[in-house]
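Written out below as structure tokens is the structure these notes cover.
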Amino acid sequence: MNIFRLLGDLSHLASIFILLHKIRTTKSCAGISFRSQALYVLVYLTRYLDLLWGPWLLYNTVMKLFFIGSSVYVLYLMKFDYKPSHDMGLDNFKVEYLIGGSFVMALLFNLAFTFDEVMWSFSLWLESVAILPQLFLLQRTGEAETITTHYIFALGAYRALYIPNWLYRWVMEGRVEFIAVFAGIIQTIVYADFFYVYFTKVIQGQKFELPA
Amino acid sequence: RQEATGKDEL
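The listed protein sequences correspond, in order, to chains E and Z. Residues in the first sequence are numbered consecutively from 54, following my numbering. Residues in the second sequence are numbered consecutively from -16, following my numbering.
And the structure:
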């Protein structure tokens, strides 16, 4: 554990609390992509298969269960409690390509050609692009509630903070996991445009609006 | 494989 990893995980936790807070206070999931949320459920379920056989480190296990539980809970809220506020028509990014592409990448790049290793690699590639339906929805609506942008920022910052963590571990422990690092860099690049608008507008107190 | 960096991360 180092400061970058810890801050990354805290940022990930914060993103989920911000999302739940947004849904609860506005009583609406408008502007939130159901498709991205569903992809995160798939990411956590395939990443954390090792919950079935351990080893169960307390910190990791609590976090894994929380990520699975909260993402399923968000899907439930969107599907039932706040269904009418869901932007069904606009939230239509073709996730089949993201899932298919990630699966191909997992078949090509994995630590061993076994079910759990292919699923683990799949989860990393899928996570790297899982935000795309959300960013696509943002693009189509052209603007977003400030709290929604805070959610997306915290979620993006989490993986961005893992990059210095990997550099630190590479230097200090001599270990590096290329699949995780490469997918993590792709993930952070996917957020680049969003980060730019977030820093130049939202942080300055302006509304998140994309140029027409 | 358990010792791979990514395996003890989230």
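C-beta atoms are modelled at their ideal positions from N, C-alpha and C, and glycine is treated no differently. Being a predicted model, the structure only gives us computed values, none of them experimental.
Under 7 Å between C-beta atoms of A183 of chain E and L191 of chain E
Cβ distance not < 7 Å, so A183 of chain E and L191 of chain E don't count as in contact.
Judging by CA-CA distance, which residue of E:K136, E:K75, E:D140 and E:S124 is the nearest neighbour of F189 of chain E?
For F189 of chain E, the closest alpha carbon among the candidates E:K136, E:K75, E:D140 and E:S124 is that of E:D140.
Under the rule that 16 or more other beta-carbon atoms within 10 Å means buried, what is Q(-15) of chain Z, buried or exposed?
No answer about Q(-15) of chain Z holds up, because its pLDDT of 44 lies below 50 and its placement is not dependable.
Use the C-beta contact count for D144 of chain E: other C-beta atoms within 10 angstroms, 16 or more gives buried, fewer gives exposed.
With 16 or more other Cβ atoms from the protein chains shown falling within 10 Å of its own Cβ, D144 of chain E counts as buried.
Residue from E:F57, E:F70, E:L59 and E:L63 with nearest C-alpha to T201 of chain E
Among E:F57, E:F70, E:L59 and E:L63, the Cα nearest to that of T201 of chain E belongs to E:F70.
Does M116 of chain E come within less than 7 Å of chain Z when only Cβ atoms are used?
For M116 of chain E, the answer is yes, since a Cβ of chain Z falls inside 7 Å of its Cβ.
Any idea what DSSP makes of F261 of chain E, helix, strand or coil?
Taken through DSSP and simplified to helix, strand or coil, F261 of chain E comes out as strand.
May I have the straight-line CA-CA distance separating D246 of chain E from A83 of chain E, to the nearest angstrom?
Straight-line spacing of the CA atoms in D246 of chain E and A83 of chain E works out to 21 Å.
Let me know if Q257 of chain E comes out buried or exposed under the rule of 16 or more other beta-carbons within 10 Å of its beta-carbon.
Exposed.
Touch test, the segment 87 to 96 of chain E against the segment 216 to 235 of chain E, Cβ-Cβ under 8 Å, three pairs minimum:
Under the 8 Å Cβ criterion, the segment 87 to 96 of chain E does not count as touching the segment 216 to 235 of chain E, having fewer than three qualifying pairs.
Alpha-carbon spacing of K260 of chain E relative to T253 of chain E, whole angstroms
Roughly 10 Å between the two C-alpha positions.
Please state the DSSP three-state secondary structure of K159 of chain E.
Looking at the sequence provided, one finds Ala at residue 159 of chain E rather than Lys. Looking at A159 of chain E - three-state DSSP - the assignment turns out to be helix.
Can you grab the Cα-Cα spacing for the pair S124 of chain E / F231 of chain E, in whole Å?
The straight-line gap separating the alpha-carbon atoms of S124 of chain E and F231 of chain E is approximately 27 Å.
Since N55 of chain E meets chain Z, which of its residues come closer than 9 Å, beta carbon to beta carbon?
In chain order: nothing, as chain Z lies at least about 11 Å away.
For K132 of chain E and Y93 of chain E, what's the separation of their Cα atoms in angstroms?
Roughly 15 Å separates the two Cα atoms.
Is it true that the CB of L185 of chain E sits closer than 7 Å to the CB of A236 of chain E?
Judged by their CB atoms, A236 of chain E and L185 of chain E are not nearer to each other than the 7 Å cut-off.
Interface residues of chain B around N113 of chain E at Cβ under 9 Å?
Absent here is chain B; the protein component of the structure consists of chains E and Z.
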